[in-house]
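In this note's numbering, the protein residues as written are 603 to 906.
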């Protein structure tokens with residue numbers, strides 16, 4: 603059996619579900635686009651090719667092998683995008699929460715059923731239908747659970763609004779001993795540079811006390827100020843609008859001092875190294891065209 607344990611974003615990783623770009627299917631139509639960045643590349647004819655994405659994901663897999671991380675991959679569904687495993691579920695402490703994802707993505711959960719079969723069934727939960735929550739919006743920081751949401755009255759009109767307040771309250775009830783703090787995120791259906799699809803598009807902790815943040819991703823300044831006070835300004839790397847668009851906050855930690863990052867994130871990677879991190883640089887710019895990056899492609903199961 604898999605003994606689940608995830609309490610934060612940066613402790614030593616032991617087991618993870620890494621998505622797959624194999625048999626990814628044809629380029630989506632404009633109508634099928636889930637986010638403004640994919641739409642942008644569909645319209646421009648620059649949507650990523652499967653062979654390029656497979657190479658990028660294999661580079662990520664090789665880093666996991668280097669650090670002796672147990673890697674699970676989803677079973678293949680023909681002509682189907684299975685890259686972003688973070689959306690379909692997440693682990694808090696020793697509980698696996700199945701996400702209430704967009705309905706036509708439910709098959710992605712079936713593709714990791716063989717992993718779920720290795721988990722104590724009493725430790726797997728599925729929220730009720732009215733609860734919307736995706737793993738990219740759920741971020742663990744020891745006693746804290748940070749959750750990205752959208753509080754606008756037009757929530758239902760935004761396909762980019764993935765976690766509602768019912769989702770926040772569900773997690774509060776499930777983990778009464780945690781401090782659950784929600785963040786109201788900026789959403790856009792049309793402009794990827796103004797769309798924080800998930801919390802990890804504008805914030806992520808690294809190491810023991812540091813983080814990457816994009817101030818304009820938060821609808822309420824007080825949410826940004828909360829993180830500023832919690833982490834300290836000197837410990838936060840502020841990214842700009844263009845860096846947010848390229849997903850600079852969506853890196854992935856294998857350990858408190860090891861971060862996997864995109865090789866083009868020059869300014870961020872320099873800052874990480876200057877602060878004592880080992881940076882494992884890999885190419886991931888093609889996958890980034892779908893408004894997801896390294897954290898989005900992973901579902902951690904066990905950390906120390």
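For every residue, glycine included, the Cβ atom is placed at its ideal position computed from N, Cα and C. As the structure is a computational prediction, the values presented were derived from the model and not from experiment.
>> Let me confirm a value: residue 781 is counted as buried when at least 16 other C-beta atoms fall within 10 Å, else exposed. Which label applies?
In response: Counting from 1 along the chain shown, the entry for residue 781 is found at position 179. Under this definition residue 781 is an exposed residue.
> Helix, strand or coil: which one does DSSP assign to residue 665?
Replying inline: Position 63 of the chain shown holds residue 665. In this structure, residue 665 counts as helix in the three-state DSSP scheme.
>> Whole angstroms are fine: how far does the CA of residue 624 sit from the CA of residue 886?
In response: As a working note, residue 886 is residue 284 in the chain shown. As a working note, residue 624 is residue 22 in the chain shown. Each residue's Cα considered, the two are about 15 Å apart.
> What first and last residue would you give for the alpha helix (DSSP H) that runs through residue 868?
Replying inline: Taking the first residue of the chain shown as position 1, residue 868 is located at position 266. From DSSP, the alpha helix (DSSP H) with residue 868 extends over 868-876.
>> Using a Cβ distance threshold of 8 Å, determine whether the stretch 655-665 contacts the stretch 709-718, with at least three qualifying pairs required.
In response: no
>> As a quick exercise: from 868, 737 and 773, pick the residue whose alpha carbon is nearest that of residue 806.
In response: Stepping through the chain shown from its first residue, residue 806 is reached at position 204. It is 737 whose Cα lies nearest to the Cα of residue 806.
> What distance in whole Å lies between the Cβ atoms of residue 628 and residue 644, which are believed to be in contact at a cut-off of 8 Å?
Replying inline: Counting from 1 along the chain shown, the entry for residue 644 is found at position 42. Counting from 1 along the chain shown, the entry for residue 628 is found at position 26. Actually they do not touch by this definition, with Cβ atoms about 11 Å apart.
>> Going by DSSP in three states, residue 640 sits in which element: helix, strand or coil?
In response: Reading the chain shown from its first residue, position 38 is the one you call residue 640. Residue 640: helix per DSSP, three-state reduction.
> What did DSSP end up calling residue 751 once you bin it into helix, strand or coil?
Replying inline: Mapped onto the chain shown, residue 751 falls at position 149. In the structure shown, residue 751 sits in a strand (DSSP, three-state: E or B).
> Going by Cα to Cα distance, which pick from 898, 891, 884 and 900 is closest to residue 657?
Replying inline: Residue mapping note: residue 657 aligns to position 55 of the chain shown, counting from 1. Here the closest residue by C-alpha is 884.
> So, helix, strand or coil for residue 786, using DSSP?
Replying inline: Position 184 of the chain shown, counted from the first residue, corresponds to residue 786. Strand at residue 786.
> Given a threshold of 16 other Cβ atoms within 10 Å of its Cβ, counted over all protein chains shown, does residue 905 qualify as buried or as exposed?
Replying inline: In the chain shown, counting from the first residue as 1, residue 905 sits at position 303. So residue 905 counts as buried.
> Is the distance from the Cβ of residue 856 to the Cβ of residue 620 below 7 Å?
Replying inline: Locating residue 856 in the chain shown gives position 254, counting from the first residue. Locating residue 620 in the chain shown gives position 18, counting from the first residue. No, they are not a contact pair.
> What's the gap between the Cα of residue 732 and the Cα of residue 875?
Replying inline: Along the chain shown, one-based indexing puts residue 732 at 130. Along the chain shown, one-based indexing puts residue 875 at 273. Spanning the two alpha carbons is a distance of roughly 43 Å.
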